[in-house]
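Sequence lines, in order, name chains H and U.
Numbering-wise (full-length UniProt numbering), the first sequence opens with residue 1 and increments by one.
Numbering-wise (full-length UniProt numbering), the second sequence opens with residue 1 and increments by one.
Number of protein chains: 2
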Amino acid sequence: MQAGKPVLYSYFRSSCSWRVRIALALKGIDYDILPISLIKDGGQQLAIIEYLEETRPTPVRLLPQDPKKRAHVRMISDLIASGIQPLQNLSVLKKVGQETQLAWAQAVINSGFGALEHVLQSTAGKYCVGNEISMADLCLVPQVANAERFKVDLSSYPTINRINKTLLTMEAFQVSHPSRQPDTPPEFQA
Amino acid sequence: MQAGKPVLYSYFRSSCSWRVRIALALKGIDYDILPISLIKDGGQQLAIIEYLEETRPTPVRLLPQDPKKRAHVRMISDLIASGIQPLQNLSVLKKVGQETQLAWAQAVINSGFGALEHVLQSTAGKYCVGNEISMADLCLVPQVANAERFKVDLSSYPTINRINKTLLTMEAFQVSHPSRQPDTPPEFQA
């Protein structure tokens with residue numbers, strides 16, 4: 001590792017790590033990854049993204065300038081990072097127990113995606129909020145990947161589905177993808 | 001209700017509503033409350049607080065000026081709003097089932113408070129981050145109230161305990177308290 005270069009403690013499959021990897025890619029920030037096999041899940045990584053936004057506003061802004069649009073971005077981000085992800089992360093599913101964990105994960109994701117689809121219908125353009133990429137998009141893609149992992153039927157969420165597909169064509173979302181990380185095991189590689 | 005006056009959809013006992021009530025009290029913003037008996041829990045209310053901060057920076061700032069301190073404030077806020085509160089909210093406890101819900105709530109709060117106490121030992125002054133009140137303090141007090149409701153032993157968390165007691169002496173935390181809301185039932189009134 002190089003002195004002064006930021007180090008991301010990352011786990012290839014963690015949706016929280018992935019959010020930050022997308023932000024770093026969009027900001028064009030070179031960094032080292034220190035893989036850790038067990039991660040403290042939760043939404044704490046939004047603090048990293050807000051910090052990056054405040055200290056590195058270029059080349060891509062992750063929050064719009066308009067306060068109302070910023071509130072929309074944060075509302076969507078929080079809906080995912082507080083309202084969905086924590087309820088289906090690994091530590092919770094372990095507590096729930098093997099037999100019911102798939103049904104539990106599907107229930108919390110479906111409940112959250114119902115609310116999210118409704119919100120997006122009034123905020124979305126090409127992306128989650130209008131036609132500019134934002135922190136909300138960084139939260140969306142890893143959460144949709146979790147939904148797919150838990151076999152959630154996405155056909156009821158056409159806006160979520162469309163935005164996710166658009167975002168996955170972008171370089172920043174591809175290089176940060178769980179299938180392309182230094183700690184990705186062979187069976188998960190693209 | 002008065003035209004132009006903000007309306008808060010609030011539930012007396014919701015820790016998420018309480019966070020926003022504290023922010024409104026600190027900012028000196030007059031508002032109407034529209035009580036709703038069932039609330040959509042989660043951390044979404046942080047988007048409201050960030051919006052208030054951006055549009056009403058006076059009389060009290062809820063985020064420090066320094067980017068690193070802002071990151072500390074958001075890290076602590078997210079630890080509570082994404083890492084603890086969603087795992088012990090009403091809808092999750094219903095899913096967990098009556099028999100195990102107290103043990104579940106205690107386990108997730110103890111796990112979160114262990115991490116939080118550790119963080120606060122390096123960030124706290126009089127309040128969660130240094131000697132200025134911040135969004136982190138708005139998250140702390142309602143979460144400690146939840147911990148008390150679930151009979152969590154707070155003696156292992158001396159920093160959390162001390163800051164909570166200091167904050168509860170402040171007017172903004174008192175007027176916003178669940179025991180003093182328009183929808184507080186008689187048995188919960190102070």
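Positions of the beta carbon are idealized from the N, C-alpha and C atoms, including for glycine.
Values in this document were obtained by computation on a predicted structure and should not be read as measured data.
For the segment 110-129 of chain U and the segment 71-84 of chain H, state whether three or more C-beta atom pairs, one from each stretch, are separated by less than 8 Å. no
Which residues does DSSP list as the beta-bridge partners of Tyr127 of chain H? BP columns for Tyr127 of chain H are empty, so no partner.
Got a sec: is the Cβ-Cβ distance from Asp78 of chain U to anything in chain H below 8 Å? yes
Are there 16 or more other CB atoms within 10 angstroms of the CB of Glu162 of chain H, so buried, or fewer, so exposed? Glu is not the amino acid found at residue 162 of chain H; the sequence shown has Arg there. Counting Cβ neighbours within 10 Å, Arg162 of chain H comes out exposed, since fewer than 16 surround it.
What are the boundary residues of the alpha helix (DSSP H) that Ile76 of chain U is part of? Pro67 to Gly83
Of all the options H:Leu62, H:Val20 and H:Lys5, which has the alpha carbon lying nearest to the alpha carbon of Pro178 of chain H? H:Val20
So for Leu62 of chain H, helix, strand or coil by DSSP? coil
Rounded to a whole number of angstroms, what is the C-alpha to C-alpha distance between Ser14 of chain U and Asp183 of chain U? 11 Å
Could you list which residues in chain H have their beta carbon closer than 7 Å to that of Pro67 of chain U, in chain order? Tyr51, Glu54 and Thr55
Flag Gly4 of chain U as yes if its beta-carbon sits less than 8 Å from any beta-carbon of chain H, otherwise no. no
When you compare the CB positions of Pro6 of chain U and Tyr31 of chain U, do they come within less than 8 Å of one another, or not? yes
Can you tell me which of the three DSSP states Asp153 of chain H falls into? coil
Three-pair Cβ contact test at 8 Å for the segment 119-129 of chain H versus the segment 160-176 of chain H: yes
Determine the extent of the beta strand (DSSP E) in which Leu34 of chain U is found, giving its start and end residues. Asp32 to Pro35
Evaluate the contact criterion for the segment 95-110 of chain H versus the segment 143-156 of chain H: three or more CB pairs, one atom per stretch, below 8 Å. yes
Determine whether the Cβ of Arg70 of chain U lies closer than 8 Å to any Cβ atom of chain H. yes
For Met170 of chain H, would you say it is in contact with chain U, using Cβ-to-Cβ distances shorter than 8 Å as the test? no
Are residue 244 of chain U and Ser134 of chain U closer than 8 Å when you measure CB to CB? Outside the modelled stretch of chain U, which goes from 1 to 190, sits residue 244 of chain U, for which no answer is possible.
Classify Tyr11 of chain H as helix, strand or coil using the three-state DSSP reduction. coil
Residues of chain H with a CB under 7 Å from the CB of Ala47 of chain U: which are they? Ala71, Arg74, Met75 and Asp78
Taking Pro86 of chain U as the query, report the chain H residues whose CB atoms sit under 8 Å from its CB, ordered along the chain. Simply Ser82, Gly83, Pro86 and Leu87.
Can you tell me which of the three DSSP states Gly97 of chain H falls into? coil
Sorted by chain position, which residues of the same chain lie with C-beta nearer than 6 Å to Lys69 of chain U's C-beta, five sequence neighbours on each side aside? Val129
Only counting the same chain, and skipping five residues up and downstream in sequence, which positions put a Cβ closer than 7 Å to that of Leu63 of chain U? Glu53, Arg70, Val73, Ser134 and Met135
Is it right to say Glu50 of chain U is buried, meaning 16 or more other beta carbons lie within 10 angstroms of its own, or is it exposed? buried
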